[in-house]
Structure formats: C-alpha cells, structure tokens
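End of the sequence shown = 958 in the working numbering, gap-free, step of one. I have placed the structure first, in the form of structure tokens, so that the comments after it can refer back to it.
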Amino acid sequence: MYETIPVFPNNGLNNLIKVRIEVDIYFHLEGEPGLNFVIILFFVWLSIHVFTALPNKLPVITNVLLYMCLAIVDINKLTILSDMFKLFQISNKIPEFLSVILHRDFSFSITLLTFANVYLTTSNRRVKIGISPYTFSFLFVIAQILRWTGAITYLKWNIFYECLLILTMMILTYRIGRWLMHLKQKEISV
C-alpha cells in the first residue's frame, strides 16, 4: 500500500514522494510468499550442520531413540497446544505451514539433540554452560521468526510461555538422554 505525503509541508513546496507504509515494524514478510520457508530452511541446514560437526556424540542408537522421543513429544506438544487448547494458530498457507513442519521435525528436534549430545558427552563445565544459552536462543529466535512471518499466530500464547516451553523441552531432553544412556550402560553390562 502506498500513500502520498508532502515532503516539505511547512515550506509550501509541492514536491511529493511515495512512501511505503510497513504493516509491521519488526519483521513482516507476509508479502513475500515463500521467503519464510527459505529462512526456516536455512535454520534447518544450520542445525544439521552444527550437529554433524560435533566432535563427541552419543552412540548412534541413543541418538536415534532420543530423536524419536523428541519428535513424538514435539508433535504431540504442537497438536495439543494449537488444536486442543487453541493457544496459537498455525497458518493454512502452504509456505508458512511447511515452515512450521520443518521447524517441528528438524530444527527443533535436532537442536535439542545437539544440546543433549554436548551436555551429556563433555565434562567441561564451560561447554555445558555455553550450549544451554545457544540452544535456548536458537530455538527462541526461530519461534519468533515463525511468529513474525505469520506462520504461527499467538491467540492465548505469549513470549513468556514460549520461553517456558523451550526450557521445559531442554530439561526433558536432558532427562530422556540420561535415561537412554543408563539403559545403554545397563545393556552393555549384562
């Protein structure tokens, strides 16, 4: 939408320019179809790249089981919060919907998997402290991009709940990872 406004309204000059009025100050991409999909695809690639570049990882079977557990929890979390409790609404537009699915299936789960691998395989306290804010901020930024691009619309949801959810998922990831490592050790000792 364009609006015509005078450049020098007080000087009597009649020069006019067209100024584009932005609907959202922060980050509005709704007019750019598919751009949010590309942005989320970049974050998916980044999360996969960070995970594959880890020097120490949990055993493959533990990683597969942890990923499956996280995917199950995340799919159910998204369904319960959006469909049952109507806390937020997922867009029906194809690029936005696919962005949410990509985030749910890949960037969210793989980032939490990276968190578990780093936290459970290192003994360095600085690394453990460093991976926690990285994971939290990475997931928070992606969630806000999904909100800003219109892929997710908050109804009764807010940023505080989003932060609480991410922290809860990080704690749950740690607990499930510890439990799977315990099962793996138990299997080896038998």
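Glycine included, C-beta positions come from ideal geometry on N, C-alpha and C.
Please identify the residue among the options whose C-alpha is closest to the C-alpha of residue i.
i, options, result
"H871", "C931, I944, I910", "I910"
"C837", "L881, F865, M852, F908", "L881"
"P823", "V895, I920, S877, L803", "V895"
"D834", "I956, R946, K954", "Position check: residue 834 holds Leu in this sequence, whereas Asp was assumed. Measuring from the Cα of L834, the nearest candidate turns out to be R946."
"I944", "L803, V832, S867, L809", "V832"
"T903", "N892, Y942, V828", "Y942"
"K924", "G802, K845, F853", "F853"
"L914", "I840, L932, T830, P863", "P863"
"V841", "K954, Q953, I939", "I939"
"I829", "V958, I869, I956, K952", "K952"
How far does the alpha helix (DSSP H) with residue i in it extend, from its first residue to its last?
i, result
"T890", "T890 -> no alpha helix (DSSP H), and no H or E assigned at all."
"P863", "862 to 870"
"F874", "No alpha helix (DSSP H) contains F874, which DSSP labels as neither H nor E."
"S815", "803 to 820"
Start and end of the beta strand (DSSP E) containing residue i?
i, result
"T921", "920 to 922"
Under a three-way DSSP split, which group does residue i fall into?
i, result
"F856", "strand"
"K925", "Position check: residue 925 holds Trp in this sequence, whereas Lys was assumed. Correct three-state label for W925: coil."
"T917", "coil"
"K954", "helix"
"L881", "helix"
"P823", "coil"
Return the chain-ordered list of same chain residues with a C-beta closer than 8 angstroms to the C-beta of residue i, the five sequence neighbours on each side being excluded.
i, result
"S815", "F874, S875, I878, T879, T882, F906"
"T890", "N824, K896"
"F865", "I858, S859, A919"
Quick one: what's got a C-beta closer than 6 angstroms to residue i's C-beta in the same chain, skipping five residues either side?
i, result
"I843", "none"
"S867", "N804, F805, I808, A919"
"W813", "none"
"V886", "I899"
"E930", "A911"
"A839", "S877"
To the nearest whole angstrom, what separates the beta carbons of residue i and residue j, a pair I think is in contact under 8 angstroms?
i, j, result
"T921", "F819", "That pair is no contact at about 30 angstroms."
"M949", "L826", "7 angstroms"
Could you pull out every residue in the same chain whose Cβ sits closer than 7 angstroms to the Cβ of residue i, ignoring the five residues on either side in sequence?
i, result
"L849", "L855, F856"
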